[in-house]
Amino acid sequence: MNPVAAPADYDENGRTYHGYRRGIYMYPCDEIEKERMDMMHQLFDTAFNQVLQSTPALKGRGQNQRILDLGCGTGIWALDIADAYPEAEVIGVDLSNIQPAQIAPNLQFRVPFDYEGALWTLGENSFDLIHLQMACGSVSNWNELYNKIYRHLTPGSGWIEHIEMDLTPRCDDGSLPASSHIRSWYNYLVDATSRASKPIAYNQYTRQSLAAAGFIDISERVIRVPYNRWPTDPRERKIADWHTWTLADETCQGLEALSMAPFTRCLNWRREEFEPFLALVRTEMKTRRIHAYNNIHVWTARKPQS
Numbered sequence: 035m036n037p038v039a040a041p042a043d044y045d046e047n048g049r050t051y052h053g054y055r056r057g058i059y060m061y062p063c064d065e066i067e068k069e070r071m072d073m074m075h076q077l078f079d080t081a082f083n084q085v086l087q088s089t090p091a092l093k094g095r096g097q098n099q100r101i102l103d104l105g106c107g108t109g110i111w112a113l114d115i116a117d118a119y120p121e122a123e124v125i126g127v128d129l130s131n132i133q134p135a136q137i138a139p140n141l142q143f144r145v146p147f148d149y150e151g152a153l154w155t156l157g158e159n160s161f162d163l164i165h166l167q168m169a170c171g172s173v174s175n176w177n178e179l180y181n182k183i184y185r186h187l188t189p190g191s192g193w194i195e196h197i198e199m200d201l202t203p204r205c206d207d208g209s210l211p212a213s214s215h216i217r218s219w220y221n222y223l224v225d226a227t228s229r230a231s232k233p234i235a236y237n238q239y240t241r242q243s244l245a246a247a248g249f250i251d252i253s254e255r256v257i258r259v260p261y262n263r264w265p266t267d268p269r270e271r272k273i274a275d276w277h278t279w280t281l282a283d284e285t286c287q288g289l290e291a292l293s294m295a296p297f298t299r300c301l302n303w304r305r306e307e308f309e310p311f312l313a314l315v316r317t318e319m320k321t322r323r324i325h326a327y328n329n330i331h332v333w334t335a336r337k338p339q340s
């Protein structure tokens, strides 16, 4: 199934936002953001050593496997997983119609689709793997979302893999002051998105939420993502390069993508005061004497037989 028509997108403060359920998702869907999303895929690909998914869900199952990518964005992960498993049925869903038209025969995109909506018409008890990535900032109720995912997984063999970037600025050597612009930016962003009931703050109770939904075999892996090339480890430097490009680079405008609507809509900032502030944040993120980082959390869990 090719992408279907969605309500017209709209422009605001120099960025384009999705028209479906206007305002429910505060991040842009323009060409710049599509490029950034694809670069984020490269960041995760590097962090995961080119492993597309880490669950046992797709091992030795043959045909009739079903894979769901929730909030698929540009569809880049769905495209890769469909190529890697050509006999599987892959479905990607998203609010925005920003996926390519030319896709593998075993892949379909269903847009517009709000995974926090009341009804999923995707088939309960039918998916071997449900992939969820970078959902912080678009979810108002994690327990409810995990319950929906649980209902749609195959009993006994269905797995969720949930990947999140915790944007909390971290530093282990004191080189990031408490008064830093990075910390201020994050605190403002958390405040703004909380006011919108779509908190971007990482869910510290993920394990409890997964268990409450009924999942077993719950596992977490944490990967450090430096802001710039301050580490000495070559792999961490490669990860840091992608992080810098997708967050602090002027061309990708990652900081703007994450912050523009929350700051202007929820905190009533003006664009002329917002942009100089982000310039200060960007400078700190690129300063190598500041040894700050974020964490990627990779959660996997299985739906039991009963």
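Numbering (the numbering used here), first residue to last: 35 to 340. For every residue, glycine included, the Cβ atom is placed at its ideal position computed from N, Cα and C. Being a predicted model, the structure only gives us computed values, none of them experimental.
| Check | Outcome |
| --- | --- |
| Helix, strand or coil: which one does DSSP assign to Leu-312? | helix |
| Beta carbon of Tyr-44, beta carbon of Tyr-51: below 8 Å? | yes |
| In whole angstroms, give me the CA-to-CA distance for Arg-263 and Arg-56. | 38 Å |
| Residues in its own chain within less than 7 Å of Ile-216 by CB, not counting five upstream and five downstream? | Pro-203, Leu-210, Val-315, Glu-318, Met-319 and Ala-326 |
| The alpha helix (DSSP H) with Arg-336 in it runs from where to where? | Segment 326–336 is the beta strand (DSSP E) holding Arg-336; no alpha helix (DSSP H) there. |
| Give the C-beta separation of Glu-150 and Cys-286 to the nearest angstrom, bearing in mind that I take them to be a contact with Cβ-Cβ under 8 Å. | Actually they are not in contact, since the Cβ atoms of Glu-150 and Cys-286 sit about 27 Å apart, beyond 8 Å. |
| At what residues does the alpha helix (DSSP H) containing Leu-166 begin and finish? | Per DSSP, Leu-166 belongs to no alpha helix (DSSP H); it is in the beta strand (DSSP E), 163–167. |
| Report back the beta-carbon spacing between Arg-185 and Asp-251 to the nearest angstrom; my notes put them in contact at under 8 Å. | Not a contact, Cβ separation roughly 18 Å. |
| Determine which residues share a DSSP beta bridge with Gln-142 and list them. | Ile-125 |
| If you compare alpha carbons, which of Leu-104, Asp-162, Ala-169 and Trp-279 is closest to Ser-191? | Asp-162 |
| Going by the DSSP bridge assignment, what does Trp-193 pair with across the sheet? | Leu-163 and Arg-336 |
| How would you call Ala-393, buried or exposed, if buried means at least 16 neighbouring beta carbons within 10 angstroms? | With the chain running from 35 to 340 in the structure shown, residue 393 is simply not present. |
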